[in-house]
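Below is one structure, written out as C-alpha cells; the observations come after it.
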Amino acid sequence: MKGTKKWIFGSCLAALLAVFLFVPALQSTDTGMHLADDPVAKRQALDRELAEMRAEMKANGWDFEIGPNQAMQYSIEQLCSFRPELKPADSQGFEPGECAVTAATLPASFVGTYTPIKNQASCGSCWAFSTIAGLEAAIKFKTGATYDLSEQELVSCNDYGWGCNGGYFAFDMIMSPGAILESCFPYTALDSACSPKCTTPTFPVARWQYIATSNTVPSVAAIKNAIYTYGSVSAAIYVDRYFQAYKSGVLTSCKKRVNSINHAIILCGWDDAKGAWLLKNSWGTSWGEAGFMWIKYGCSGVGYGACYCTY
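Residue numbering for the sequence shown is 164 to 474, as defined by the numbering used here.
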C-alpha cells in the first residue's frame, strides 16, 4: 500500500511538473513569441556568439575588446539606416573634390569638438544624429556653448519620407530657419507625427560641404585638416557585428568595402600612434569607450561622404 501511495504521488508530481514546464512554452506559441525572446536564452545566445567572435578575433590577430552592451539587443538593420541612395538631387552640400590639406602642420594626435553622447535606441535614425551632432559641434566650436538640439524634428518633419527606416545627411533641412532645441521636440525613437511644441529659438547651419565628394572616402590628411579646422565631421561607415559589440581598443576587423555603407557617425579626433580615428557614435554610453570608438584609418569605409557644417 505504501508503495502504491508513493507511486501515485510520484506520478502526480511528474504530471504537475510536465504541465508547469509545458504551459510557458504553449503560452509563448499562442502569443506569437518564441523561447528565444526569453532574457536568459537571449543572454546565453549572445554569450555563445561573443565566444565565437573572440575565437575569430584571436585567429586574425585583432586585439580590440568586445562585450555585451545596450545596442546588442537590436539588429544592425534597426540601428544602421544611413542610405547613400537617398541623397536629394537638390542637395546644397558643395563637393569641392578635396579641400586644401595642411597635414604637415597638424599634431600627431588631436581631439576636436563634440557634444555629449546620445542614444538613438531601436530607430534607424543615425543619419539624423550625425547631422545634429555635426551642428551641435559647429556651434560649440564657434561659441563655446553646448546645446542639445532635436533629432526628432528631422525624423518626423522632413519632406523626403525619411525616418526610422533610413535617411541621409539632413543639413539642408536646418539651414533655414534652423534646428530647434531637444526640449521643443523630445526624441521618441519612433516615426512620430511632426508636432514640435515650439519653433524658436533656432540654430541654423550657415553652410555645409563635403571634404571630397558625397560618395568617396577623403584622404586621411584631408579628414584631419577638416576636424582641426571645423571641430569635427559627419561621416558614414560600414557597420557589422564586431563594430556593434565593440568595447575598447582600436577596431581593426575591417571586413567590408565602401559599397556596404550603412551607418552615420561623427569623427572628432585622431591618434597617429594608434593609426586611428576617434569616432563618436549614437548608441549610448554603454557602447564602446563611453560612447566613443578608436577605429583604424581606412577601416570599413570609415569617412565615406565626410562633410562638415558651419554655424
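Note that CB positions come from ideal geometry on N, CA and C, so glycine has one too. Just so we're clear, the structure is a prediction, and the values are computed from it rather than from any experiment.
{"Query": "Glutamate 452 to serine 339 span [Cα, whole Å]", "Result": "35 Å"}
{"Query": "Other residues of its chain near serine 395: CB distance less than 6 Å, five sequence neighbours each side excluded", "Result": "Gly275, Thr276, Tyr277, Ala300, Ile429 and Cys431"}
{"Query": "Backbone secondary structure at cysteine 175 - three-state DSSP", "Result": "Low per-residue confidence applies at cysteine 175: pLDDT is 40, beneath 50, and the placement is therefore not dependable enough to give any value."}
{"Query": "Minimum C-alpha distance to glutamate 240 - residue among Ser423, Thr473 and Thr448", "Result": "Ser423"}
{"Query": "Buried or exposed by the 16-neighbour rule on C-beta atoms within 10 Å, applied to aspartate 335", "Result": "buried"}
{"Query": "Inter-stretch contact (C-beta, 8 Å, three-pair minimum) for the segment 279-295 and the segment 380-395", "Result": "no"}
{"Query": "Minimum C-alpha distance to alanine 252 - residue among Gln407, Asp434 and Ala333", "Result": "Ala333"}
{"Query": "Distance between proline 359 and tyrosine 460 (C-alpha atoms, nearest Å)", "Result": "39 Å"}
{"Query": "Cβ contact check for the segment 346-357 and the segment 231-239: 3 or more pairs under 8 Å", "Result": "no"}
{"Query": "Glycine 297, DSSP secondary structure in three states", "Result": "helix"}
{"Query": "Tyrosine 323, buried or exposed, once every other Cβ within 10 Å from all chains shown has been counted against 16", "Result": "exposed"}
{"Query": "Neighbour-count burial assignment, glutamine 407, 16 or more Cβ in a 10 Å radius", "Result": "buried"}
{"Query": "Inter-residue CB distance, glutamine 372 and glycine 464 (contact presumed, cutoff 8 Å)", "Result": "The Cβ separation is near 20 Å, so there is no contact."}
{"Query": "Identified DSSP bridge partners for alanine 368", "Result": "With the sequence shown as reference, residue 368 is identified as valine, and alanine is not the correct amino acid for it. The partner list for valine 368 (beta bridge, DSSP) is empty, contrary to what the question assumes."}
{"Query": "Spatial distance of leucine 269 from tryptophan 440 (CA atoms)", "Result": "14 Å"}
{"Query": "Contacting residues, own chain, Cβ-Cβ under 6 Å from isoleucine 458 (five flanking each side not counted)", "Result": "Leu414, Ala439, Trp440, Leu442 and Val465"}
{"Query": "Reduced DSSP secondary structure (H/G/I, E/B, other) of cysteine 347", "Result": "helix"}
{"Query": "Contact check, tryptophan 446 vs leucine 242, beta carbons under 8 Å", "Result": "yes"}
{"Query": "Cα-Cα separation between glutamate 212 and tryptophan 225, rounded to whole angstroms", "Result": "16 Å"}
{"Query": "Buried/exposed call for glycine 260, threshold 16 Cβ in 10 Å", "Result": "exposed"}
{"Query": "Those runs of the alpha helix (DSSP H) which lie wholly inside the segment 401-436 and span at least 4 residues", "Result": "404-407"}
{"Query": "Beta-carbon gap between phenylalanine 366 and isoleucine 302 smaller than 8 Å", "Result": "yes"}
{"Query": "Rounded separation between phenylalanine 304 and cysteine 470 - CA only", "Result": "16 Å"}
{"Query": "C-alpha distance - aspartate 193 paired with tryptophan 325, whole-angstrom precision", "Result": "Here the model assigns aspartate 193 a pLDDT of 34, short of 50, so the residue's position is not dependable and the matter cannot be decided."}
{"Query": "Cβ pair valine 368, isoleucine 343 closer than 8 Å", "Result": "no"}
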